[in-house]
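Numbering (the working numbering), first residue to last: 8 to 339.
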């Protein structure tokens, strides 16, 4: 049985991330085919264990290579950062978050991790700490030296979405879609479907404008960009069911047996998926050299310290990352 090594980043230490990671480690830490490297300050992780009502002793090691090959869980040393307060966004919390993310990314770049799962982040705290990248996707792509197309994808059960654009202003979306970016997002999404389920993806592409632009009366992006991309994808052999209005494309999941929906911007897919089921929706960073996955939940500052954080979302993200890592190893 091959061993899978997953890096688990707790996220913002002022939020519920340490509590969620403690609960996840308690549930997953004894799998015989799994090593888990926890990237979190020792004090923050112990706080998470205490809040969760757990008392298991987690060994502290200098690096991923020090975790026994037989499997198990260990806390990576050197990530303690002081000064942050529970339930408050701060530069100190952002500094701790960035230290853990950087350590995990560097371990991945060194080939020591098969996947990364990260807990809830607070971008305000990270910006206060000097973080320059617009989001986690750009952070990891920069840190890992990726120069090609990357995109955010989402998963809920058997259904996937891939975004052509993501964390940009709505007014900039039309200028940032192209035939090439639509094709690249679709290719990334189709690979994720195949890796997670072993099946060839049945795909639908959402339009940008209301009613697909009404033949150009309300925008020409469908005519000039999106439909040519759909036709090219069909020529490349992808099973594309069609170009559909964004307000009805999710209604076709059952009738068209869809596995993957390509959305033009962030909220086209996120509103629908999170309405269908918030706690089991995962985000996957596509186009990177290893699976990097997180859950939809936020830092939940209002319930920090109360043992009320539900680990279901992070557990779903962890399980998805594990499956994707195994599939990537088999495909290598």
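Note that beta-carbon positions come from the ideal geometry of N, C-alpha and C, so glycine has one too.
These figures come from a predicted structure and were not determined experimentally.
inquiry  = Looking only at its chain, what residues have a beta carbon closer than 7 Å to the beta carbon of residue 276, apart from the 5 residues adjacent to it on each side?
reply    = Indexing the chain shown from 1 puts residue 276 at position 269. Around residue 276: 161, 168, 170, 268, 270.
message = Mapping the DSSP letters down to three states, classify residue 47 as helix, strand or coil.
response = Along the chain shown, read from residue 1 onward, the residue named residue 47 stands at position 40. Reduced to three states, the DSSP call for residue 47 is coil.
request  = Tell me whether the beta-carbon of residue 151 lies closer than 8 Å to the beta-carbon of residue 195.
outcome  = Reading the chain shown from its first residue, position 144 is the one you call residue 151. Reading the chain shown from its first residue, position 188 is the one you call residue 195. One thing to note: residue 151 has its Cβ no nearer than 8 Å to the Cβ of residue 195.
ask   = Touch check for the region 303–320 and the region 118–136: three-plus C-beta pairs under 8 Å?
value = The answer is yes - the region 118–136 touches the region 303–320, with three or more Cβ pairs under 8 Å.
ask   = For residue 246, which residues of its own chain have a beta-carbon under 8 Å away from its beta-carbon, when the five flanking residues on both sides are left out?
value = Looking up residue 246 in the chain shown gives position 239. Listed in chain order, the non-local C-beta contacts of residue 246 below 8 Å within the same chain comprise 207, 208, 209, 210, local neighbours out to five positions each way being set aside.
ask   = What residues match up with residue 170 in a beta bridge as DSSP calls it?
value = For the purposes of this step, residue 170 is identified with residue 163 of the chain shown, where counting begins at 1. Paired residue(s): 270.
ask   = Do we get a CB-CB distance below 8 Å when we pair residue 182 with the residues of chain D?
value = Reference to chain D is not applicable here, since this structure consists of a single protein chain.
Closest residue to residue 32 among 47, 19, 21 (Cα-Cα distance) = By 1-based counting over the chain shown, the position of residue 32 is 25. Cα-wise, what sits closest to residue 32 is 47.
query = Is the region 234–252 in contact with the region 172–179, if contact means three or more CB pairs nearer than 8 Å?
reply = Contact fails: fewer than three Cβ-Cβ distances are below 8 Å.
request  = Inspect the CB distances between the region 67–87 and the region 257–264 and report whether three or more fall short of 8 Å.
outcome  = As far as the Cβ criterion goes, the region 67–87 does not touch the region 257–264, which means the pair count is below three.
query = By Cβ distance below 6 Å, which residues in the same chain neighbour residue 298 in space, the five residues on each side in sequence not counted?
reply = Numbered from its first residue, the chain shown carries residue 298 at position 291. Correct list, in chain order: 122, 328, 331, 332.
ask   = DSSP puts residue 122 in a beta bridge; with which residues?
value = For this step, residue 122 is matched to residue 115 along the chain shown. Among the bridge pairs identified by DSSP, residue 122 is matched with 13.
inquiry  = What does the Cβ neighbour count give for residue 58, buried or exposed, with the cut at 16 atoms within 10 Å?
reply    = As a first step, residue 58 is located in the chain shown; it is residue number 51 there, counting from the start. Buried, since its Cβ has 16 or more Cβ neighbours within 10 Å.
ask   = Thinking C-beta only, is residue 78 closer than 8 Å to residue 41?
value = On the chain shown, position 34 is the one that residue 41 refers to. On the chain shown, position 71 is the one that residue 78 refers to. Yes, they are a contact pair.
key: Neighbourhood of residue 173 by C-beta distance below 8 Å, restricted to the same chain and skipping five residues each side   = Taking the first residue of the chain shown as 1, we reach residue 173 at position 166. 142, 144, 158, 159, 272, 273.
query = Which whole runs of the alpha helix (DSSP H) in the region 96–145 are 4 residues long or more, in chain order?
reply = Segments of the alpha helix (DSSP H) lying fully in the region 96–145: 98–116, 130–135.
query = What residues in its chain sit with their C-beta under 6 Å from that of residue 90, if we drop five residues either side in the sequence?
reply = Numbered from its first residue, the chain shown carries residue 90 at position 83. Scanning its chain for C-beta atoms nearer than 6 Å, with the 5 sequence neighbours on each side dropped, one finds around residue 90 the residues 99, in chain order.
task = Compare the beta carbon distance of residue 200 and residue 295 with 8 Å and say whether it is the shorter of the two.
result = The count along the chain shown starts at 1 and reaches residue 200 at position 193. The count along the chain shown starts at 1 and reaches residue 295 at position 288. The answer is no: Cβ separation not under 8 Å.
request  = Out of 10, 184, 242, 252, state which residue places its alpha-carbon closest to the alpha-carbon of residue 231.
outcome  = Here residue 231 corresponds to residue number 224 of the chain shown, with the count starting at 1. Cα-wise, what sits closest to residue 231 is 184.
query = By Cβ distance, which residues of its chain are closer than 6 Å to residue 293, with the 5 residues on each side in sequence left out?
reply = Taking the first residue of the chain shown as 1, we reach residue 293 at position 286. These residues qualify, in order along the chain: 158, 160, 195.
query = If we call anything under 8 Å between Cβ atoms a contact, is residue 131 one with residue 287?
reply = Looking up residue 131 in the chain shown gives position 124. Looking up residue 287 in the chain shown gives position 280. Cβ distance not < 8 Å, so residue 131 and residue 287 don't count as in contact.
ask   = With 16 other CB atoms within 10 Å as the buried threshold, where does residue 189 fall?
value = As a working mapping, residue 189 is identified with position 182 in the chain shown. With 16 or more other Cβ atoms within 10 Å, it is buried.
task = Note down the Cα distance separating residue 54 from residue 14, rounded to an integer number of angstroms.
result = As a working note, residue 54 is residue 47 in the chain shown. As a working note, residue 14 is residue 7 in the chain shown. Their backbone Cα atoms lie some 19 Å apart in a straight line.
request  = Whole angstroms is fine: what's the gap from residue 255's alpha carbon to residue 134's?
outcome  = Within the chain shown, the letter at position 248 stands for residue 255. Within the chain shown, the letter at position 127 stands for residue 134. Those two C-alpha atoms are separated by around 37 Å.
ask   = Whose C-beta lies closer than 7 Å to the C-beta of residue 43 among residues of the same chain, with five residues either side of it excluded?
value = Translated into positions along the chain shown, residue 43 becomes position 36. Cβ neighbours of residue 43 beyond the five flanking positions: 13, 15, 32, 35, 36, 80.
key: Residue environment, residue 30, which counts as buried when at least 16 other CB atoms sit within 10 Å   = Position 23 of the chain shown, counted from the first residue, corresponds to residue 30. Under the 10 Å beta carbon count, residue 30 is surrounded by 16 or more other beta carbons and is classified as buried.
message = In chain order, what are the residue ranges of uninterrupted beta strand (DSSP E) at least 3 long that sit wholly in the region 170–213?
response = The region 170–213 contains these whole beta strand (DSSP E) runs: 209–213.
request  = For residue 25, count neighbouring Cβ atoms within 10 angstroms of its own Cβ and tell me buried if that reaches 16, exposed if not.
outcome  = The count along the chain shown starts at 1 and reaches residue 25 at position 18. Here residue 25 is buried. Its C-beta has 16 or more other C-beta atoms within 10 Å.
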